[in-house]
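Q: Attaching a single structure in structure tokens format; questions to follow.
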Amino acid sequence: MKKIKIWRLAFMMLAVVFSCDRQDGNWDSMLWKAEDPMVIDNGIYDVSDRGGTFTFTCRNYSRPWIENAVSGEGYHYPERKNNDYHTILTDWFKAEIVGKKLTVSFEPNMESRDQFLSLTVTAGDIFYTFKFKQFAHQE
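Take any residue in the sequence shown, count from 1 to its spot, add 27: that is its number in my numbering.
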């Protein structure tokens with residue numbers, strides 16, 4: 028009788044372990060599709076010195092959010108204290124996610140140097156980083 032109870036217990040424990048769809052750290056990579064054709068150089072999106080808007084759609088996660096952005100000035104974060112995980116607004120770019128759609132807009136670059144932006148988005152345990160290079164002002 029005790030052998031049967033031990034086997035049942037062992038079987039139930041194995042069923043619980045193998046019934047999970049995803050183990051921690053075993054998430055599918057985020058898949059993003061650009062809405063318009065873009066110039067990409069070594070994984071970096073080129074942005075005109077005149078500025079511009081880029082739109083991407085996440086193909087396999089329904090509600091991603093913004094983790095952070097890194098530029099020459101340092102780190103930028105969404106207004107988490109206001110429970111906003113979907114928008115970063117600075118003086119030269121804005122990043123916003125609505126549903127599955129990410130929009131990144133750049134103001135004109137009036138500087139004599141290129142500006143770089145690294146924008147990381149997440150859906151929980153998976154991250155994706157977009158990289159942008161905005162060209163210096165052309166006279």
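Using N, Cα and C, we set each Cβ at its ideal position, and we do this for glycine too.
Output yes if chain D places a C-beta closer than 8 Å to the C-beta of threonine 156; else output no.
A: Of the chains in the structure shown, none is chain D; there is only one protein chain.
Q: Do serine 75 and phenylalanine 162 have their CB atoms nearer than 8 Å?
A: yes
Q: Do you know how far the Cα of glutamate 166 is from the Cα of valine 131?
A: So the two alpha carbons sit approximately 25 Å from each other.
Q: Can you tell me whether lysine 60 is helix, strand or coil according to DSSP?
A: strand
Q: What three-state label does DSSP hand asparagine 110 in the structure shown?
A: coil
Q: Classify tyrosine 88 as buried or exposed, calling it buried when 16 or more other Cβ atoms lie within 10 Å of its own Cβ.
A: Note on tyrosine 88: 16 or more other CB atoms within 10 angstroms of its CB, so buried under the neighbour-count rule.
Q: Using three-state DSSP, classify glycine 101 as helix, strand or coil.
A: DSSP places glycine 101 in strand when its eight states are reduced to three.
Q: Measuring CB to CB, does valine 189 end up less than 8 Å from glutamate 94?
A: The requested residue 189 is not part of the displayed model; the chain covers only 28 to 166.
Q: Determine whether the beta carbon atoms of tryptophan 119 and glutamate 134 lie at a separation below 8 Å.
A: yes
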